[in-house]
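Encoded as C-alpha cells, the structure appears first; notes follow it.
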Amino acid sequence: MEIELQPLYVETRRHFAAILEEASAWQKERGSEGWNYPFDDAWLLPRIERRELFLVSFGTEPVAAFRILLEDRPYWGEREMGDSIYLHTFAVRRAKAGLGIGEAVIERVVAMGRERGRAKVRLDCSLSSFRLIAYYERNGFVSVGNIFINGKMMNLMERLIS
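Everything in the sequence shown is counted per my numbering, starting at 1090 for the first residue and increasing by one.
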C-alpha cells in the first residue's frame, strides 16, 4: 500500500485533530476508553515544534495520524533503555479502516525505528480496548505488562524490529 507520511505542520493540524477526535468518539461509542484530552493548539503546537506528529495521506486525502517518541519514561519507567521507538496517538479514519492503512503505518514506524538503530517499537493502549489489543497482536506486538496511569489501566505492548 502506497501511503505518504509527512511531519505535521501548523497548516495541517486540523486534519490531525479531526482524525483523532473521530477515532476517540468511535472508541467511546463501543465501550472502550478513548483519549480524554482535546487535540487543541495547546496540545498540538508544542508537539509540532518537537516534530513528534505525523499525518498520513492516501492519494491526496489525509487518512491517519500518529505521534512518535524516542523515550517514554512516564509509561515505561525502568523498562526505558533508549532502545525503542514509541508509537502514540495513532488512528486511521473510520471510512478507510480495513484497507491496510494501519498495517502500512506500523511497517513505516518499524522502518523509522530501524533507521534510528532501535530494537523495538513500543506502544500502549487502554486495557479495556480488547479489539485494539488484538489488532496490535495481529501486527506482531506482544503484551509485556500493565500500568495504571492518568486514571486508566494501560496495556504495554512491544514488537521487535528485525
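Cβ coordinates follow ideal geometry from the N, Cα and C atoms, glycine included.
In this text the structure is predicted, and so the values were computed from the model without any measurement.
| task | Write down every uninterrupted run of the beta strand (DSSP E) in the segment 1130-1157 whose length is 3 residues or greater and which is fully enclosed by it, in chain order. | result | 1142-1147
| field | Identity of the residue in Ser1121, Gly1120, Arg1103 and Val1099 nearest Val1152 by Cα | value | Arg1103
| request: Look up Pro1163 in the DSSP assignment and say whether it is helix, strand or coil. | output: helix
| said: Less than 8 Å between CB atoms is the rule here; does Glu1091 satisfy it with respect to chain C? | reply: Absence of chain C from the displayed structure is noted, only one protein chain being present.
| message | Taking the straight line between their C-alpha atoms, what separation do you get for Val1231 and Asn1244? | response | 10 Å
| message | Classify Met1246: buried if its beta carbon has 16 or more other beta carbons within 10 angstroms, exposed otherwise. | response | buried
| task | Excluding the 5 residues preceding and the 5 following Cys1214 in the sequence, name in chain order all residues of the same chain whose CB lies nearer than 8 Å to its CB. | result | Leu1221, Ile1222, Tyr1225, Met1243, Asn1244 and Met1246
| Cα-Cα separation between Leu1212 and Gly1148, rounded to whole angstroms | 27 Å
| task | Mind reading off the beta-carbon distance from Leu1144 to Leu1097? Whole number of angstroms is fine, and I expect it under 8 Å. | result | 5 Å
| task | Compute the Euclidean distance between the alpha carbons of Asn1235 and Phe1219, then round it to the nearest angstrom. | result | 14 Å
| task | Could you tell me whether the segment 1175-1190 touches the segment 1107-1116, where touching means 3 or more Cβ pairs closer than 8 Å? | result | yes
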